[in-house]
Structures are given as structure tokens and as C-alpha cells.
Amino acid sequence: GQQVMQIPQYQHVQEGEDFTTYCNSSTTLSNIQWYKQRPGGHPVFLIQLVKSGEVKKQKRLTFQFGEAKKNSSLHITATQTTDVGTYFCAGMGEAGGTSYGKLTFGQGTILTVHP
Amino acid sequence: SAVISQKPSRDICQRGTSLTIQCQVDSQVTMMFWYRQQPGQSLTLIATANQGSEATYESGFVIDKFPISRPNLTFSTLTVSNMSPEDSSIYLCSAVGRYYEQYFGPGTRLTVT
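Residue numbers (this note's numbering), protein chains in the order written: chain A, 5 to 119; chain B, 1002 to 1114.
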């Protein structure tokens, strides 16, 4: 079945440093989504990438979708303490497949930011 | 976006008993899902809650253990049956938005003693 690997598992940064998490799927995806889960909270949708090579930005966050639609990355510039949490990528299988509509979540990257 | 509520938010149950978790969406949605998440871990999909038909379960999850109802387009329940300590986890429901993004409920933290 579809697998989504995410690294690193943990990242500790000083406030102001950059942060990147990487996601790789075993199969081609129709889209990839990113979620943020604050400590004690539930996952919150951040963004969806659909097109090959797509790049989207949300303020200090930059999301990329690979050309082969199998990998993705989230980069945060100049981290702040409000960025603390777990960042999950989640891949959706190709349209027409049995897994379409369902998401396979990566393991998540736990980000801690030291002030 | 959709707003999801879940009840109960947490519970402590004895082994061998059952607990039903309710999930309410503030708008009609086509797809709803149930997940399980151990603290500090990723989300594992339990099943797709289908309106008007039986839920579709992922590998490792069965209807006898996790019966699901979906009586309409805004509501679903998940029952955790004959509980054991291994069922202690956070259970999350989600609703799928217009572009297949998912909106999650706040979760139900279950502890089985």
C-alpha cells in the first residue's frame, strides 16, 4: 500500500533559525497536504499542493511539490515560538484509485523553538 | 471550512466495556473519516464513514470492534467495543472539504483501565 515517509522526526531550533521537513511517497500522488498540530490540539489544514513542481507560500512558510509528484517539503523561514508543533504531510492517491479521497499521513516532524 | 465537534472530549473506561464517540459537522459533507492517534505519533485511518451504507475499514480494523454509524451527512459515531488497555488512544473524526482537504474534530482521549 501507499507509504509516506517524513523526516526528520524531531527538529530543535533557536528562534530565528530556518526549519525544513521533507516528505516522500512510495507512489505518485494526486495531491499532497500539510497539517499542523499544536501540542494538545488536533491537526489543522495548512495547504494543498496539486500540480507537479508547484510552490506555494504562506507568509514565512514555503511549500513545494516535486516534479514527479512523489515528494514535498515545508520550509519555515525565521522560526518563531508560535511555530511550535508537529507538522504532518499527507498524501492522496491518484484519482480513480482505491485510496482516492483518503490521506496517508507521514510520521510528522515535531518542531521545538527555543526563544 | 467545516467546524467539527466531538463528544466526549475524554473518558476513562474499564476493560470489557464499550464507548461511543459522536462527531457532528456544522455543514453537510460527503466524506467523513475516523482516525486513531497515539500521543506523539501519526494518524492511523480506522475507516471511512459512508452515509447510508456500511463503513469501509482499513487493514487491521474490523466492524465488530469499531462499529460506525453515519445516519446523515452531518453526523457519525464510532464505537470502541470490548475495550482493552491497548485501545487507549486519541480518536479523531474528520470531514472532507470541497477540495478534499480534511477538517478534524478536537479528538476524544480514551483511557482504558
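Every residue, glycine too, gets a C-beta built ideally from N, C-alpha and C.
- DSSP places Pro-1072(B) in the strand class (E or B) of the three-state scheme.
- The straight-line gap separating the alpha-carbon atoms of Glu-21(A) and Asn-28(A) is approximately 24 Å.
- For secondary structure counted as the beta strand (DSSP E) over 3 or more consecutive residues, the segment 1037 to 1104 of chain B holds these complete runs in sequence order: 1044 to 1050, 1069 to 1073, 1076 to 1081 and 1090 to 1097.
- For the pair Ser-1028(B) and Ala-1003(B), the CB atoms are nearer than the 7 Å cut-off.
- Here Gln-52(A) is buried. Its C-beta has 16 or more other C-beta atoms within 10 Å.
- Of Leu-1093(B), Met-1033(B) and Tyr-1101(B), the smallest CA-CA separation from Leu-1111(B) is found for Leu-1093(B).
- At the C-beta level, Ser-1043(B) and Phe-109(A) come within 7 Å of one another.
- At a Cβ-Cβ threshold of 7 Å, Ser-1019(B) and Thr-1080(B) count as neighbours.
- For Gln-1007(B), the number of other beta carbons within 10 angstroms of its own is at least 16, and it is reported as buried.
- Between Val-1026(B) and Thr-1057(B), the CB-CB gap reaches or exceeds 7 Å.
- Annotated as distal: Gly-1053(B) and His-46(A), with beta-carbon spacing of 7 Å or more.
- The C-alpha of Phe-92(A) is placed about 14 Å away from the C-alpha of Asn-35(A).
- Nearest neighbour of Pro-1072(B) by Cα position, chosen from Glu-1059(B), Ser-1085(B), Gln-1015(B) and Met-1032(B), turns out to be Met-1032(B).
- Annotated as distal: Arg-1016(B) and Val-1097(B), with beta-carbon spacing of 7 Å or more.
- In terms of beta-carbon proximity, Gly-1108(B) lines the interface with chain A, with at least one pair separated by less than 7 Å.
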